[in-house]
Amino acid sequence: MTDIDPQLSEEHIAEIRRGLLGWFDANRRDLPWRRTRDPYRILVSEVMLQQTQVDRVIPYYERFLDTLPSVEALADAPTSVVITLWAGLGYNRRAVNLQRTAQAVMSEHGGVFPADPVMLRQLPGIGPYTSGAIACFAFEAPVAFLDTNMKRVIHRLVTGPDLPKPTLTDRQLMAFAEQLVPPDDAWRWNQALIEFGALQCTARRPACVICPLQAACAAFPAIQSVIATLPPGTRKKQEAPFQGSNRYYRGRVVDSLRAAAGAELALSQLGPQVRDDYAPEHKDWLLNLVSGLQRDGLARIAEPKATYSTAENDEPLVSLP
Ligand code: SF4
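If you want my numbering, it's the position in the sequence shown, counting the first as 1, plus 680.
Spelled out as structure tokens, the structure:
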């Protein structure tokens, strides 16, 4: 890794802050989670945004909060309702983890989110990024936290191109991020960093030509020629799960259980909905798959209910939890 001075000059910090905040004020999108300081709403938005684009998240965010408007409502809801509200967002484990976080806020903090990122991090499902985001966006704490986009922007501004691979460690990037957060304007700063990474300084097509931070940016203009030489294989991978992968079939199972609207399905009913070529010899494979989903809180397996045994009614029954 690069041997660099971890201390930015006061002039460089001021120049970056001025440029980035000015850009944000002129370009910010009006997003629903930017109109609130409610930590529950911030949490929901952050979890939804983890692997899903902003435009797709907005209708899910609003519908989710219409149905479950408080941390208490989420904690008390049947898990099947939470999973059903998540339909279409993908990565269903996020829904289960989100509910576990809400339940811990209720049981350990009386329904009141702690403002301290260290305490937030002790909640299940909350990592360093999300704890920082809640502390900053709900309580306006002057903290630094970094996702992939924020890391990229800081890397480019302070040390140069992050491609074909970064030359700074996460620890070094965090040290720079902490210097850059304005203590009295952290909410706007961190929102600006996120927005800038999403719209202006993107991974493969940074809009350097119209960037107000050119003079402050260590990657300008070299980043453009670096990107032009990258082989196509380094471009962003498709987000959709590969058809036939374990993740793909897990998604199909959860989709089928949602469509069943609470009904229990025998494996022989579920199987053909999960794969077109389902045959009796796939039964162990399917049982293994739903057992994994049960461990993750996304399915429930019940014993057969029949009082006499036949090949059809001797199967475990699967439903949403
Ligand atoms: S000049 Fe280019 S690389 Fe530098 S901050 Fe602006 S968009 Fe990003």
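Note that beta-carbon positions come from the ideal geometry of N, C-alpha and C, so glycine has one too.
In this text, all values refer to a predicted model and were calculated from it rather than measured experimentally.
Practice item. Buried or exposed for residue 880, please, with buried defined as at least 16 other CB atoms from any protein chain shown within 10 angstroms of its CB. Key: buried
Check your understanding: How about residue 694: is its Cβ closer than 7 Å to a heavy atom in ligand 1?
Key -> no
Review point. So what does DSSP say about residue 946, is it helix, strand or coil?
Key: strand
Review point. Counting Cβ pairs closer than 8 Å, one from the segment 759-772 and one from the segment 807-814, do we hit at least three?
Key: no
Review point. How many Å lie between residue 863 and residue 820 at the Cα?
Key: 10 Å
Check your understanding: Taking the alpha-carbon positions, what's the residue 984 to residue 972 distance?
Key -> 19 Å
Exercise for review: Using the Cα positions of residue 964 and residue 994, report the straight-line distance between them to the nearest angstrom.
Suggested key: 14 Å
Review point. Which runs of the alpha helix (DSSP H) spanning at least 4 residues fall entirely within the segment 879-927, listed in chain order?
Key: 902-908
Check your understanding: Looking only at C-alpha atoms, which of 873, 833, 776, 850 sits nearest to residue 709?
Key -> 873
Exercise for review: Specify, as a first and last residue, the run of the beta strand (DSSP E) that residue 997 falls within.
Suggested key: 997-999
Check your understanding: Mapping DSSP to helix, strand and coil, what is residue 694?
Key -> helix
Check your understanding: So what's residue 682 in DSSP terms, helix, strand or just coil?
Key -> Summary for residue 682: the model assigns pLDDT 49, below 50, so the residue's position carries little reliability, and this model does not support an answer.
Practice item. On a CA-only basis, which of 754, 763, 765, 797 is nearest residue 784? Give me that one, please. Key: 754
Practice item. Could you tell me whether the segment 838-847 touches the segment 711-722, using the rule of 3 or more Cβ pairs below 8 Å? Key: no
Point to revise | Pair within 8 Å by beta-carbon distance, residue 823 and residue 782 | key: no
Exercise for review: Work out the CA separation of residue 970 and residue 698 for me, nearest whole Å.
Suggested key: 52 Å
Review point. Just the Cα atoms here: how many angstroms apart are residue 943 and residue 996?
Key: 13 Å
Exercise for review: Jot down the residue ranges of each uninterrupted alpha helix (DSSP H) in the segment 732-782, minimum 4 residues, whole runs only, in chain order.
Suggested key: 734-747, 751-756, 759-765
Check your understanding: For residue 814, which residues does DSSP report across the bridge?
Key -> According to DSSP, which records beta bridges pairwise, residue 814 is partnered with nothing at all.
Check your understanding: Just to confirm, are residue 759 and residue 730 a CB contact at a threshold of 8 Å?
Key -> no
Check your understanding: According to DSSP, which residues form a beta bridge with residue 980?
Key -> 999
**Study point:** Straight-line Cα distance separating residue 727 from residue 977
**Key:** 17 Å
Check your understanding: By the 10 Å Cβ neighbour count, where 16 or more other Cβ atoms means buried, how is residue 818 classified, buried or exposed?
Key -> buried
Review point. Measuring CA to CA, which of 748, 903, 875 is closest to residue 840?
Key: 903
Review point. How many Å lie between residue 857 and residue 982 at the Cα?
Key: 50 Å
Review point. For the alpha helix (DSSP H) that contains residue 806, what are its first and last residues?
Key: Note, residue 806: premise wrong, no alpha helix (DSSP H); not H, not E.
Review point. Per DSSP, what kind of secondary structure is residue 935 in: helix, strand or coil?
Key: helix
Check your understanding: Can we count residue 837 as close to ligand 1, meaning its CB is less than 7 Å from some heavy atom?
Key -> yes
Review point. Comparing the CB of residue 886 with every heavy atom of ligand 1, is any distance shorter than 7 Å?
Key: yes
Review point. The alpha helix (DSSP H) spanning residue 958 covers which residue range?
Key: Note, residue 958: premise wrong, no alpha helix (DSSP H); not H, not E.
Practice item. Pick helix, strand or coil for residue 689, following the three-state DSSP scheme. Key: coil
Review point. Under three-state DSSP, which class holds residue 964?
Key: helix
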